[in-house]
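Visitor:
Protein chains: 2
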Amino acid sequence: MAALNHQFRLASRPAGMVGREHFEYVEEAIPDLRDGQALVEVLYISLDPAMRGWMNEGRSYVPPVAIGEVMRAGTVGRVIDSRSDKLAVGAHVSSWLGVQEYAVADADALIEIDPELAPLPTYLGALGMPGMTAYFGLLDVGAAKEGETVLISAAAGAVGSVAGQIAKLKGCRVVGIAGGPEKCGWITGELGFDAAIDYKHEDVGRALRQHCPEGINVYFDNVGGEILDAALARLARGARVVICGAISQYNNIDSMRGPSNYMSLLVNRARMQGFVVIDYLSRYPEAMREMAGWISDGRLIAREDVVEGFEAFPDALAKLFAGENTGKLVLRLADEAAADQA
Amino acid sequence: MAALNHQFRLASRPAGMVGREHFEYVEEAIPDLRDGQALVEVLYISLDPAMRGWMNEGRSYVPPVAIGEVMRAGTVGRVIDSRSDKLAVGAHVSSWLGVQEYAVADADALIEIDPELAPLPTYLGALGMPGMTAYFGLLDVGAAKEGETVLISAAAGAVGSVAGQIAKLKGCRVVGIAGGPEKCGWITGELGFDAAIDYKHEDVGRALRQHCPEGINVYFDNVGGEILDAALARLARGARVVICGAISQYNNIDSMRGPSNYMSLLVNRARMQGFVVIDYLSRYPEAMREMAGWISDGRLIAREDVVEGFEAFPDALAKLFAGENTGKLVLRLADEAAADQA
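Chain order of the listed sequences is A and B.
Numbering that gives the first Met the number 0 puts the first sequence at residues 0 to 341.
Numbering that gives the first Met the number 0 puts the second sequence at residues 0 to 341.
1. So which residues on chain A does Y60/B lean against when the C-beta distance must stay under 7 Å?
2. Looking at the strands, I want to know which residues DSSP matches up with K327/B.
3. Taking C-beta pairs closer than 7 Å, name the residues in chain A that P13/B reaches, listed in chain order.
4. How many angstroms separate the CA atom of E100/B from the CA atom of N250/B?
5. Starting from E27/B, follow the alpha helix (DSSP H) in both directions and report where the run begins and ends.
6. In this structure, how does DSSP classify Y101/B when only helix, strand and coil are distinguished?
7. Among residues of its own chain, excluding the 5 on either side of L264/A, which ones have a beta-carbon nearer than 7 Å to its beta-carbon?
8. Any C-beta of chain B within less than 8 Å: which residues of the region 40 to 53 of chain A qualify?
9. Determine the direct distance from the alpha carbon of S247/A to that of K318/B, and round the result to whole angstroms.
10. Using 8 Å as the limit for Cβ to Cβ distance, is N246/A near chain B?
11. Out of V241/A, A117/A and S259/A, which has the shortest C-alpha to C-alpha gap to V276/A?
12. Taking Cβ positions only, does G204/B come closer than 8 Å to chain A?
13. How would you list, in chain order, the residues of chain B whose beta-carbon sits under 8 Å from the beta-carbon of I242/A?
14. At 8 Å on the CB atoms, spell out the chain A contacts of S254/B, in chain order.
15. Kindly indicate which residue of V75/B, P120/B and D84/B has the alpha-carbon position closest to the one of A102/B.
16. Quick one: is A2/B near chain A, going by C-beta distance under 8 Å?
17. Please list the terminal residues of the continuous beta strand (DSSP E) segment that includes I186/B.
18. Quick one: measure Cβ to Cβ for A117/A and A286/A, integer angstroms, because I've assumed they're closer than 8 Å.
19. Which residues, taken in chain order from the region 275 to 293 of chain A, show a beta carbon closer than 7 Å to some beta carbon of chain B?
20. Smallest Cα separation from G224/A: which of D296/A, G257/A and I112/A?
21. Roughly how many angstroms separate the alpha carbons of L328/B and G322/B, rounded to a whole number?
22. Just by C-beta distance, which residues in the region 122 to 140 of chain A are closer than 8 Å to chain B?
23. Quick one: what does DSSP say I165/A is sitting in, helix, strand or coil?
24. Comparing the C-beta of G76/B with each C-beta of chain A, is any distance below 8 Å?
25. Determine the closest residue to D84/A out of P212/A, D107/A and H5/A, with distance taken between C-alpha atoms.
26. Alpha helix (DSSP H) containing D296/A: first to last residue?
27. Report, in whole angstroms, the separation of the C-beta atoms of V69/A and E147/A, which I expect to be a contact under 8 Å.
28. Quick one: is R208/A near chain B, going by C-beta distance under 8 Å?
29. Based on DSSP bridge pairs, tell me the residues matched to R77/B.
30. Can you find a CB in chain B that lies within less than 8 Å of the CB of R33/A?
31. Where L119/B and Y43/B are concerned, what is the direct C-alpha to C-alpha distance, given to the nearest angstrom?
32. Curious, which full-length beta strand (DSSP E) runs of at least 3 residues does the region 203 to 285 of chain B contain?
33. Whose Cβ in chain D lies nearer than 8 Å to the Cβ of R71/A?
34. In terms of DSSP beta bridges, what is L9/A paired with?
35. In chain B, which residues lie less than 8 Å from A269/A when you measure between Cβ atoms?
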């Protein structure tokens with residue numbers, strides 16, 4: 000076991016695009032355990048669009064990360080020391096331990112996961128926050144029903160790729176928007192979307208007229224900006240727009256761009272609704288059971304895009320906002336993962 | 000009875016603010032009646048923000064008014080000739096006869112109204128489309144509940160003034176936004192709103208912090224633009240934003256301004272929902288019964304802002320978009336109204 004811990008702490012709040020300069024790389028001793036606590040070796044760190052918002056000052060659905068604090072992140076790891084009856088050494092756990100190699104946490108804050116049921120990084124993706132976001136956003140907030148047309152942006156991302164597959168499993172016609180032919184080919188090929196729109200090379204408005212001739216019943220929006228406006232212009236009567244994120248806007252230095260076509264909500268008697276997945280915490284078990292069943296049946300494909308090495312964290316985050324990942328982006332802490340398999 | 004009819008027909012589609020130049024004043028003979036029809040002398044013409052949208056080309060919830068067509072408008076009038084068993088001469092009727100002095104219509108398209116129950120122009124306001132819009136927008140789309148904080152823009156207008164009073168009757172705390180001390184004094188004084196914000200002389204964001212310390216549960220939006228953004232920034236958890244109109248944006252030459260604070264919907268798990276009141280047609284009787292009861296009890300004040308004379312139509316429309324009316328703006332066709340009272 001390494002005697003030292005490494006961390007990325009928030010050094011300053013970015014005004015625009017996030018970069019390495021906003022983090023401080025810190026080396027410190029691993030703290031001692033107290034009763035009821037466990038020491039976790041972090042194996043995978045989750046990279047999520049929401050991280051950009053947590054770096055801003057001001058009120059949101061969670062407090063911002065403080066300057067000097069370890070950057071907040073979802074993690075999967077392995078218990079390597081324990082002073083709790085609830086967790087044995089060797090147990091695998093999912094939690095919010097942040098961007099660091101080791102962490103001491105109360106056993107109650109650690110959720111034991113089963114590496115036999117699904118690969119560890121899947122617990123940060125389809126069986127983690129992104130998967131829950133896709134499930135409740137589509138079915139609960141969006142109320143997608145069989146036979147409806149569902150449009151999904153960032154459709155090759157962690158949330159979008161799962162949301163689109165769930166919509167297919169529920170009998171919807173599914174159109175995905177993604178950047179580049181590789182992602183578009185993946186969602187229509189392997190994932191079974193009915194159509195894909197490559198926003199980098201196509202006129203999204205024209206493509207929506209082609210692929211959604213009856214209009215859009217549910218738009219699951221992960222991106223905001225121009226694509227949100229194009230989708231609003233194609234809503235069907237009674238449509239639901241699920242506001243899950245706005246990744247195109249998170250690094251804007253100027254203020255957010257608002258959807259200038261929002262009056263389509265009036266014309267089409269439609270609604271636009273935001274949600275925060277942690278509100279559904281009590282229903283995670285129900286969703287995870289259904290999702291795990293689909294994964295083991297091969298009906299839901301969980302793909303992770305793995306970046307190697309703890310020190311690559313700032314670059315991996317930049318990759319996320321550049322839209323370069325396909326599937327759920329995770330950081331693998333290489334040596335530790337090897338140790339785990341040993 | 001005058002032998003000639005006068006009309007305002009749509010002459011061209013305005014790019015920005017609407018004016019007299021967009022209408023053609025036409026004189027023509029009154030057409031003959033066929034079986035099942037009635038001839039109506041128009042007594043009052045309704046002036047509504049929605050008229051601006053009907054003058055634009057393109058898809059909306061109703062077809063645009065065609066160039067050369069009589070401008071669409073709600074009307075109240077009196078039957079002066081009839082070839083229908085359903086309507087006797089002397090009956091008062093509400094309908095969509097457009098901006099003209101006389102009209103021939105199928106009796107089925109004319110709704111008989113009772114001038115004993117409420118003054119005639121009230122059938123264009125609190126007991127007409129604006130009143131129905133206020134009622135269903137607030138209670139059905141907004142789902143306002145006792146004890147909640149309701150914010151209403153254009154609060155001294157035809158819809159806003161009624162929506163705010165209904166919210167008070169339902170036990171809500173009600174804050175209105177209006178332009179100028181006279182309107183603000185009217186809504187807090189005579190109408191009983193809990194607070195008023197004068198957007199022409201106050202910082203709306205600061206005033207909202209003061210008057211909505213617990214946040215806004217229901218925002219009934221008639222205006223769009225900066226005020227919608229300010230309201231979004233003050234939403235309470237689970238808020239409902241009712242998109243009823245966007246009068247601040249209707250005469251924009253450039254594209255609409257979208258609400259850049261829309262991500263507040265996510266943070267606050269809130270929804271923004273549009274509606275079109277004609278969808279509630281089957282429930283008008285229920286709403287009209289309740290509203291008429293409130294009016295006769297003196298618990299709901301229906302105020303009309305009356306502009307005199309048919310030829311004043313274009314100026315009255317300009318007055319509406321300048322925000323100069325208090326209460327429901329109607330045009331009285333002076334001579335005919337006098338004839339009616341004789």
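Even for Gly, the Cβ is constructed at its ideal location relative to N, Cα and C.
This structure is a prediction, so every number in the text was calculated from the model and none was measured.
Guide: Considering the structure as presented:
1. Along the second sequence, one-based indexing puts residue 60/B at 61. Within chain A, the residues near Y60/B are V266.
2. In the second sequence, residue 327/B corresponds to position 328, counting from 1. According to DSSP, K327/B bridges with E303/B.
3. Against the second sequence, residue 13/B aligns to sequence position 14. By Cβ distance, chain A contributes nothing, its closest Cβ being about 17 Å from P13/B, past 7 Å.
4. Position 101 of the second sequence holds residue 100/B. Position 251 of the second sequence holds residue 250/B. Each residue's Cα considered, the two are about 27 Å apart.
5. For the purposes of this step, residue 27/B is identified with residue 28 of the second sequence, where counting begins at 1. It is not in any alpha helix (DSSP H) - E27/B instead sits in the beta strand (DSSP E) that spans F22 to A28.
6. One-based indexing of the second sequence puts residue 101/B at position 102. Of the three classes helix, strand and coil, the one that applies to Y101/B here is strand, per DSSP.
7. The residue given as residue 264/A occupies position 265 in the first sequence. The answer, listed in chain order, is R270 and M271.
8. Those residues of the region 40 to 53 of chain A placed with their C-beta closer than 8 Å to a C-beta in chain B do not exist.
9. Against the second sequence, residue 318/B aligns to sequence position 319. Against the first sequence, residue 247/A aligns to sequence position 248. As the crow flies, the alpha-carbon of K318/B is around 41 Å from that of S247/A.
10. One-based indexing of the first sequence puts residue 246/A at position 247. According to the sequence provided, residue 246/A is Ile. The question's Asn does not apply to it. Among the CB atoms of chain B, none fall inside 8 Å of the CB of I246/A.
11. Here residue 276/A refers to the residue found at position 277 of the first sequence. Measuring from the Cα of V276/A, the nearest candidate turns out to be V241/A.
12. As a first step, residue 204/B is located in the second sequence; it is residue number 205 there, counting from the start. G204/B does not count as touching chain A.
13. Within the first sequence, the letter at position 243 stands for residue 242/A. Neighbours of I242/A in chain B, taken as residues at a C-beta separation under 8 Å, are given in chain order as Y261, M262, L264 and L265.
14. Indexing the second sequence from 1 puts residue 254/B at position 255. Here the neighbours are S259.
15. What you label residue 102/B is simply residue 103 of the second sequence in a count that begins at 1. Nearest Cα to A102/B within the set V75/B, P120/B and D84/B: V75/B.
16. As a first step, residue 2/B must be located in the second sequence, where it is residue number 3. No, because no Cβ of chain A sits closer than 8 Å to the Cβ of A2/B.
17. Walking along the second sequence from the start, residue 186/B turns up at place 187. Unbroken run through I186/B is the alpha helix (DSSP H), P180 to G188; no beta strand (DSSP E).
18. Locating residue 117/A in the first sequence gives position 118, where the first residue counts as 1. Locating residue 286/A in the first sequence gives position 287, where the first residue counts as 1. Not a contact, Cβ separation roughly 14 Å.
19. Residues of the region 275 to 293 of chain A that bring their beta carbon within less than 7 Å of a beta carbon in chain B comprise V275 and D278, in sequence order.
20. Position 225 of the first sequence, counting from 1, holds the residue named residue 224/A. In this structure, G257/A is the residue among D296/A, G257/A and I112/A with its C-alpha nearest to the C-alpha of G224/A.
21. Against the second sequence, residue 328/B aligns to sequence position 329. Against the second sequence, residue 322/B aligns to sequence position 323. L328/B and G322/B: Cα-Cα distance of roughly 10 Å.
22. Residues of the region 122 to 140 of chain A with a C-beta less than 8 Å from any C-beta of chain B: none at all.
23. Position 166 of the first sequence, counting from 1, holds the residue named residue 165/A. Helix.
24. Looking up residue 76/B in the second sequence gives position 77. G76/B does not count as touching chain A.
25. The residue labelled residue 84/A in the question sits at position 85 within the first sequence. Checking every option, the nearest Cα to that of D84/A belongs to D107/A.
26. Here residue 296/A refers to the residue found at position 297 of the first sequence. Per DSSP, D296/A belongs to the alpha helix (DSSP H) from Y283 to D296.
27. Counting from one through the first sequence, the residue named residue 69/A turns up at place 70. Counting from one through the first sequence, the residue named residue 147/A turns up at place 148. Rounded to whole angstroms, the Cβ separation of V69/A and E147/A is 43 Å, and the two are not in contact under 8 Å.
28. One-based indexing of the first sequence puts residue 208/A at position 209. No Cβ of chain B is located within less than 8 Å of the beta carbon of R208/A.
29. Counted from its first residue, the second sequence places residue 77/B at position 78. Paired residues: E40/B and H91/B.
30. Your numbering for residue 33/A matches position 34 in the first sequence. Interface with chain B (8 Å Cβ-Cβ cutoff): R33/A is excluded.
31. Counting from 1 along the second sequence, the entry for residue 119/B is found at position 120. Counting from 1 along the second sequence, the entry for residue 43/B is found at position 44. Their Cα atoms are separated by approximately 8 Å.
32. Unbroken beta strand (DSSP E) stretches of 3 residues or longer found wholly inside the region 203 to 285 of chain B: 215 to 220, 234 to 242 and 270 to 273, given in chain order.
33. Judged by its chain identifiers, the structure shown contains no chain D, and its protein chains are A and B.
34. As a first step, residue 9/A is located in the first sequence; it is residue number 10 there, counting from the start. BP columns for L9/A point to F22/A.
35. Stepping through the first sequence from its first residue, residue 269/A is reached at position 270. Under the 8 Å cutoff, chain B gives Q272 and G273.
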